[in-house]
Amino acid sequence: MTDRDTTNASSNNEAAGDIHAVDGPNLLRPGNVTLPLAPYLFVSVTGDPDWKIDRMRLHKYLASVASSQDPVAEKRDDWVGFAQKENLMAGDYPLTYPDEWFRGGKWWITASWKSNWEVHLHIGFVNTPGSPHSHIELAVQSGKWLSKLSSKARSWWKTPVVQGGAKIANYETGILLTPRQTFSKTFKSKETASTAVGVALSCLFFLGRHYHESRNLSYAFGIFIASSILIAAATIFVSALFRHFIALPRLKWSIAQLQD
Amino acid sequence: MANYKNPIEFENSLIEIADSVLKNRGETQSHQKIGEGANLWELDYVFIPKKAEGMSSHTYVFEFKYSSSPTLADSILFTQLARFSALEKANSRNALRFVLVTNGKVSNFTLPITVTVLDEIRDSTDWRKKITDWLGKEVPAWTQW
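First to last, the sequence lines map onto chains H and L. Residues 1 to 260 (the working numbering) make up the first sequence, in order. Residues 1 to 145 (the working numbering) make up the second sequence, in order.
1. Going by C-alpha distance, which of H:E100, H:E137 and H:V80 is nearest H:Y40?
2. Looking at L:R128: is its Cβ nearer than 8 Å to the Cβ of L:N3?
3. Counting only Cβ pairs nearer than 8 Å, list the residues of chain A close to L:S20.
4. Along chain H, in chain order, which residues have C-beta atoms closer than 9 Å to that of L:W70?
5. Can you give the Cα-Cα distance for L:E11 and H:L121, rounded to whole angstroms?
6. Should H:H135 be flagged as near chain L, meaning a C-beta pair shorter than 8 Å?
7. By how many angstroms is the C-alpha of L:T116 removed from the C-alpha of L:S20?
8. Considering only the beta carbon of each residue, do L:G104 and L:S67 sit closer than 8 Å?
9. Just list the residues that DSSP pairs L:L96 with in beta bridges.
10. Rounded to the nearest angstrom, what separates L:T114 and L:E27 at their Cα positions?
11. Taking the alpha-carbon positions, what's the L:D126 to L:K33 distance?
12. Give the residues from the stretch 139-156 of chain H that approach chain L closer than 9 Å (Cβ to any Cβ), ordered along the chain.
13. Specify, as a first and last residue, the run of the beta strand (DSSP E) that H:G124 falls within.
14. Which residues in the same chain as H:D18 place their Cβ atom closer than 6 Å to its Cβ, once the five residues preceding and following it in sequence are excluded?
15. Would you tell me roughly how many angstroms separate the C-alpha atoms of H:F125 and H:T46, rounded to the nearest one?
16. Given that L:A95 touches chain H, what residues does it touch there, using C-beta distances under 9 Å?
17. To which residues does DSSP link H:A90 through a beta bridge?
18. Looking at H:W117: is its Cβ nearer than 8 Å to the Cβ of H:K52?
19. Let me check understanding here. Comparing Cα to Cα, which of H:D78, H:W101, H:K106 and H:L27 lies closest to L:W41?
20. At a CB-CB cut-off below 7 Å, which residues of chain H make contact with L:R83?
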């Protein structure tokens, strides 16, 4: 729709507090929303509808993830207070209303039963400081046991013989991780090109100064062009390599929910 | 759940059909961007019905949520509800209504009266039927068209 331009134009007016002057009835104002600031993972574990998860086994597993020492299942009523304290509120709602939850020294874990064959887990750090790195930390640290989750999940089913594997239907973090850009993209980027131009230019000057000393003009000129090109090419490649593997962060991340 | 393979396919299909059902019944817009900078919001779909006589006019904000698990995660549901309630407060003149559309199942929580859930949207036929029914219920004057 052509309204897109109108929308952009009028959002500026909106910032100036002039809300209804330009916009049509179409434009809304953004609100101020509280979203969970602490990082969390969402994992959904499902089987087939005729399967049944063994709640006791799952319970034990969750307890063991929460803490290696005897963890105690927390009271359901205490969850909301915990969620408020730990920055896990979405507006007036806690992240989830779990059927059971655990708090260990490092992790908290909740489980909500959606059916006999589907359980939703939310997982996060206890006492997360406001550091943005804790999102990455969560992804990295949970990787240690999360990767084994689907094979572990096989033992949670009551059905005597589970054919095939249990499924981790969904795996979501509160953040969005995107792999870094491809090497060819770094290679073609402006910064890489300008570095190379800089090096090619200084090499031109260097050769230019020694130009008179050579008697064979065309020979010198050939060397001069060839080496400029070579050095430029090598520089483009090396600087792209450097930027790609060292200077650029390995993963870009952002808070998925906020971007939504 | 089986028929939509990813959120993009889901959303595109929903928008296409929502347009075909709603476009001549009022103003529609997909991917409406509001706000700016750090507080940039994108509304999946906005529908403002033509004013019918004796009808109060609402602005309907649709949010399309693809779920890869059979049931939509609570955290997704509550995040959306929180976003909507903030939007509602910021636009009290528009009498906003929120429609959450998902291919998953939405758990049985008590929802605010301004919120409608259309869940378990399996395919485009399903969606066309559900949004047509919704329109008939929401704006009854049009069922006579």
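Think of the CB as a built atom: it goes at the ideal place given N, C-alpha and C, for glycine as much as any other residue. Fair warning: this is a prediction, and the values are worked out from it, not measured in the lab.
Straight from the coordinates:
1. Taking only the C-alpha atoms, the option nearest H:Y40 is H:E137.
2. no
3. Absent here is chain A; the protein component of the structure consists of chains H and L.
4. The question names Trp, but residue 70 of chain L in the sequence shown is Pro. By Cβ distance, chain H contributes S44, T46, P49, K114, S115, W117, E118 and A169.
5. 26 Å
6. no
7. 20 Å
8. The answer is yes: Cβ separation under 8 Å.
9. L:T59
10. 20 Å
11. 28 Å
12. none
13. E118 to F125
14. Reliability fails at H:D18, whose pLDDT of 36 lies under 50, so the model's placement of it is uncertain and the value that follows must be treated cautiously. Once the five neighbours on either side are set aside, H:D18 has no close Cβ partner at all.
15. 24 Å
16. Going along chain H, no residue has its Cβ under 9 Å from L:A95, so there is no contact; the nearest lies around 11 Å.
17. Partner(s): H:Y93.
18. A contact, by the Cβ cut-off of 8 Å.
19. Taking only the C-alpha atoms, the option nearest L:W41 is H:L27.
20. V33
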